Amino acid sequence: MCGTQQVQLKAILDEAGKRLKEASAKSDVEDIRIKVLGKKGSLTAILRSMGSLPPEERKELGRMANEARAEIEAMISARAEEMSRLEQSARLAGETIDVTEPGVDMRLGSRHPITLTIDEISGIFMGMGFGIAEGPEVETVFNNFDALNAAPNHPSRDLTDTFYITKDTLLRTQTSPVQVRTLMGQAPPIKVISPGRCFRADTPDATHSPMFHQVEGLFVDEGVTMADLKGTLDVFAKRMFGEGVTTKFRPHFFPFTEPSAEMDMSCFKCGGKGCRVCKGSGWIEILGCGMVHPNVLRVGGIDTERYTGFAFGMGVERIAMLKHGIDDIRLFYENDMRFIEQFK
Ligand code: DAH
1 MCGTQQVQLK AILDEAGKRL KEASAKSDVE DIRIKVLGKK GSLTAILRSM
51 GSLPPEERKE LGRMANEARA EIEAMISARA EEMSRLEQSA RLAGETIDVT
101 EPGVDMRLGS RHPITLTIDE ISGIFMGMGF GIAEGPEVET VFNNFDALNA
151 APNHPSRDLT DTFYITKDTL LRTQTSPVQV RTLMGQAPPI KVISPGRCFR
201 ADTPDATHSP MFHQVEGLFV DEGVTMADLK GTLDVFAKRM FGEGVTTKFR
251 PHFFPFTEPS AEMDMSCFKC GGKGCRVCKG SGWIEILGCG MVHPNVLRVG
301 GIDTERYTGF AFGMGVERIA MLKHGIDDIR LFYENDMRFI EQFK
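Numbering-wise (my numbering), the sequence shown opens with residue 1 and increments by one.
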């Protein structure tokens, strides 16, 4: 009986040694451990069967079995360690990178010149305490025209000038409806600008596009006067086009302001002598502005005895074109990289 088990022990030991040698992964080593030393392992079975042996034999076989177990355990852990090392070096070899190989060329994009111009304009006004207000591109006819004091027969309301969605909604023709939204949504003091996209049913040419951008401005508080308007917009012109420019205000008409004006600035290219940029006049028209009409303030429920305000609106494309010497508005929307890439 004992003899057979000794032979079995030897066989288990040899078999374990052989299979460990053949193992090619750490998981193989673990399989062998379970098959030999696990609950249902071959060595475990021998240890279990010892109970039926006479005490003398049991002692002798027990010693041998324990020795065999110690030997197998040592072989397993040595082989497992070896496998870990092999697997790690294989992994490291697989992960080797050639640091001398040229990298993948990542093309870094840049912001669109219109975005850059809006950011520059916004930065100047934010520096003077203006916040940013937003409004939707699909507007109500009420906000775009009625609330802005536009007469029922105002030509800009015409179907040929405006993209209507329904009888009561349209693609806003100006950023001025954001004035209405702001006046209705908050109480003075109000000091905001609102950049955004506008739409008019224009045929595209060098200076017209059915989609374009404006920056609107609105300042309402106690005691706001035309002098504040002039000072603010003069600072803007100087920051945007250079400290050397001067501004002048020409009377004009807008339904939502009274009085209304257009601001011209002295030509930043020729200093006012007259050149191609200013078409020989020495002056460049830059924006529309005026004191907010009481009818508009009243739409926002604002006490017109207590509060006054000024507003302005400028075309972003026009400013970008002047500043960068761009002679065709369509260039902004054609996505020609040779054009776009020049603005970084
Ligand atoms: N909304 C005008 C336009 O599209 C621009 C404008 C002029 C806005 C005068 C104003 C303003 O706020 O006061 O032509």
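Glycine residues also receive a C-beta, built at the ideal position from the N, C-alpha and C atoms. Note that this is a predicted model, so its numbers are computed, not measured.
Original post:
Would you say H213 and F256 are within 8 Å of each other, going by their C-beta atoms?
Top reply: For the purposes of this step, residue 213 is taken as the residue at position 213 of the sequence shown. For the purposes of this step, residue 256 is taken as the residue at position 256 of the sequence shown. No, the pair does not count as a contact, with Cβ atoms beyond the cut-off.
**OP:** Can you say whether T247 is buried or exposed, counting buried as having 16 or more other CB atoms within 10 angstroms of its CB?
**Re:** In the sequence shown, residue 247 corresponds to position 247, counting from 1. With 16 or more Cβ atoms within 10 Å of its Cβ, T247 is classed as buried.
**OP:** Compute every distance between the C-beta of C278 and the non-hydrogen atoms of ligand 1, then say whether any falls below 7 Å.
**Re:** Position 278 of the sequence shown holds residue 278. No, the beta carbon of C278 sits no closer than 7 Å to any heavy atom of ligand 1.
Subject >> Distance, T140 Cα to T169 Cα >> reply: Taking the first residue of the sequence shown as position 1, residue 169 is located at position 169. Taking the first residue of the sequence shown as position 1, residue 140 is located at position 140. Answer to the nearest angstrom: the Cα atoms are 4 Å apart.
Original post:
DSSP three-state call for H213: helix, strand or coil?
Top reply: Taking the sequence shown and counting its residues from 1, one reaches residue 213 at position 213. Strand at H213.
**OP:** Confirm, please, whether the CB-CB distance from F343 to S110 is below 8 Å.
**Re:** In the sequence shown, the residue the question calls residue 110 occupies position 110. In the sequence shown, the residue the question calls residue 343 occupies position 343. Result yes, Cβ atoms of S110 and F343 sit closer than 8 Å.
**OP:** Classify D264 as helix, strand or coil using the three-state DSSP reduction.
**Re:** The residue given as residue 264 occupies position 264 in the sequence shown. Here D264 sits in strand by DSSP.
Subject >> Closest residue to V296 among R157, P54, A206 and A147 (Cα-Cα distance) >> reply: Here residue 296 is taken as the residue at index 296 of the sequence shown, counted from 1. Nearest C-alpha to V296: A147.
**OP:** Reducing DSSP to helix, strand and coil, say where H324 ends up.
**Re:** Here residue 324 refers to the residue found at position 324 of the sequence shown. H324: helix per DSSP, three-state reduction.
Original post:
Rounded to whole angstroms, how far is the Cβ of P251 from the Cβ of A261, which I believe are closer than 8 Å?
Top reply: Along the sequence shown, read from residue 1 onward, the residue named residue 251 stands at position 251. Along the sequence shown, read from residue 1 onward, the residue named residue 261 stands at position 261. Confirmed, Cβ separation roughly 6 Å.
**OP:** Flag G282 as yes when its Cβ comes closer than 7 Å to any non-hydrogen atom of ligand 1, and as no otherwise.
**Re:** For the purposes of this step, residue 282 is taken as the residue at position 282 of the sequence shown. For ligand 1, not one heavy atom lies less than 7 Å from the Cβ of G282.
Original post:
Rounded to the nearest angstrom, how far is the Cβ of V224 from that of T308, given a contact under 8 Å?
Top reply: The count along the sequence shown starts at 1 and reaches residue 224 at position 224. The count along the sequence shown starts at 1 and reaches residue 308 at position 308. With 8 Å as the limit, V224 and T308 qualify as a contact, their Cβ atoms being about 5 Å apart.
Subject >> Ordered list of beta strand (DSSP E) runs contained in the segment 236-290, each at least 3 residues >> reply: 247-254 and 257-266
**OP:** Could you spell out where the beta strand (DSSP E) holding A150 opens and where it closes?
**Re:** Looking up residue 150 in the sequence shown gives position 150. Here A150 belongs to no beta strand (DSSP E), and DSSP marks it neither H nor E.
**OP:** Quick one: using the 10 Å Cβ neighbour count with 16 as the cut-off for buried, is D264 buried or exposed?
**Re:** Position 264 of the sequence shown, counted from the first residue, corresponds to residue 264. That one is buried.
**OP:** Could you tell me whether the segment 19-34 touches the segment 58-65, where touching means 3 or more Cβ pairs closer than 8 Å?
**Re:** no
Original post:
Using DSSP with H/G/I as helix, E/B as strand and the rest coil, what is D228?
Top reply: Here residue 228 is taken as the residue at index 228 of the sequence shown, counted from 1. DSSP places D228 in helix when its eight states are reduced to three.
**OP:** Could you work out which residue in D158, I302, M211 and I190 is closest to I132 when comparing CA atoms only?
**Re:** Here residue 132 refers to the residue found at position 132 when the sequence shown is read from its first residue. The shortest Cα separation from I132 among D158, I302, M211 and I190 belongs to I190.
Original post:
In or out: K10 buried (at least 16 other Cβ within 10 Å) or exposed?
Top reply: Residue 10 sits at position 10 when you count from the first residue of the sequence shown. By the 10 Å Cβ count, K10 comes out exposed.
Original post:
Which first and last residues belong to the alpha helix (DSSP H) in which T308 is found?
Top reply: Mapped onto the sequence shown, residue 308 falls at position 308. Careful: T308 lies outside any alpha helix (DSSP H), inside the beta strand (DSSP E) at Y307 to G315.
Original post:
Buried or exposed: P55, going by 16 or more other Cβ atoms within 10 Å of its Cβ?
Top reply: Within the sequence shown, numbered from 1, the residue matching residue 55 stands at position 55. Looking at its Cβ environment, which holds fewer than 16 other Cβ atoms inside 10 Å, P55 is exposed.
**OP:** Say yes only if the C-beta of A206 is nearer than 7 Å to one or more non-hydrogen atoms of ligand 1, and no if none qualify.
**Re:** Locating residue 206 in the sequence shown gives position 206, counting from the first residue. Flag unset: Cβ of A206 not near ligand 1.
**OP:** Check whether the Cβ of F194 sits closer than 7 Å to any heavy atom of ligand 1, and report yes or no.
**Re:** For the purposes of this step, residue 194 is identified with residue 194 of the sequence shown, where counting begins at 1. Note on identity: in this sequence residue 194 is Ser, with Phe being the wrong assignment. No; taking the cut-off as 7 Å, the Cβ of S194 has no heavy atom of ligand 1 nearer than that.
Original post:
Bridge partners of P195, per DSSP?
Top reply: Against the sequence shown, residue 195 aligns to sequence position 195. Answer is V215, bridged to P195.
Subject >> DSSP state of A16 mapped onto helix, strand, coil >> reply: Counting from 1 along the sequence shown, the entry for residue 16 is found at position 16. Of the three classes helix, strand and coil, the one that applies to A16 here is helix, per DSSP.
**OP:** Could you tell me which of E222, I34, F312 and K323 sits nearest to R367, measuring between CA atoms?
**Re:** As shown, the chain starts at 1 and ends at 344. That puts residue 367 outside it, with no answer to give.
Subject >> Own chain, CB closer than 6 Å to L53, minus 5 neighbours either side, in chain order >> reply: Locating residue 53 in the sequence shown gives position 53, counting from the first residue. Once the five neighbours on either side are set aside, L53 has no close Cβ partner at all.
Original post:
Quick one: is I165 buried, meaning 16 or more other Cβ sit within 10 Å of its Cβ, or exposed?
Top reply: Numbered from its first residue, the sequence shown carries residue 165 at position 165. Exposed is the call here.
Original post:
Where does E216 land, buried or exposed, given buried means 16+ other C-beta within 10 angstroms?
Top reply: In the sequence shown, the residue the question calls residue 216 occupies position 216. Counting Cβ neighbours within 10 Å, E216 comes out buried, since at least 16 surround it.
Original post:
Does at least one heavy atom of ligand 1 sit under 7 Å from the Cβ of F256?
Top reply: By one-based count along the sequence shown, residue 256 stands at place 256. Checking the Cβ of F256 against ligand 1 gives yes.
Original post:
Which word fits F310, buried or exposed, when buried means at least 16 other C-beta atoms lie within 10 angstroms of its C-beta?
Top reply: Translated into positions along the sequence shown, residue 310 becomes position 310. Flag for F310 reads buried.
**OP:** Check the DSSP bridge columns for V29 and list the partner residues they point to.
**Re:** Sequence index remark: in the sequence shown, residue 29 carries index 29 (1-based). The partner list for V29 (beta bridge, DSSP) is empty, contrary to what the question assumes.
Original post:
Within 7 Å: the Cβ of G290 and any heavy atom of ligand 1?
Top reply: Within the sequence shown, residue 290 is the residue found at index 290, counting from 1. For ligand 1, at least one heavy atom lies less than 7 Å from the Cβ of G290.
Original post:
In whole angstroms, what is the alpha-carbon distance linking E258 and A206?
Top reply: The residue you call residue 258 lines up with position 258 of the sequence shown. The residue you call residue 206 lines up with position 206 of the sequence shown. Their backbone Cα atoms lie some 32 Å apart in a straight line.
**OP:** Could you tell me the distance, in whole angstroms, from the CA atom of L229 to the CA atom of L331?
**Re:** Counting from 1 along the sequence shown, the entry for residue 229 is found at position 229. Counting from 1 along the sequence shown, the entry for residue 331 is found at position 331. C-alpha separation (whole angstroms): 33 Å.
Subject >> CB of M128 within 8 Å of CB of M226, strictly >> reply: Your numbering for residue 128 matches position 128 in the sequence shown. Your numbering for residue 226 matches position 226 in the sequence shown. No.
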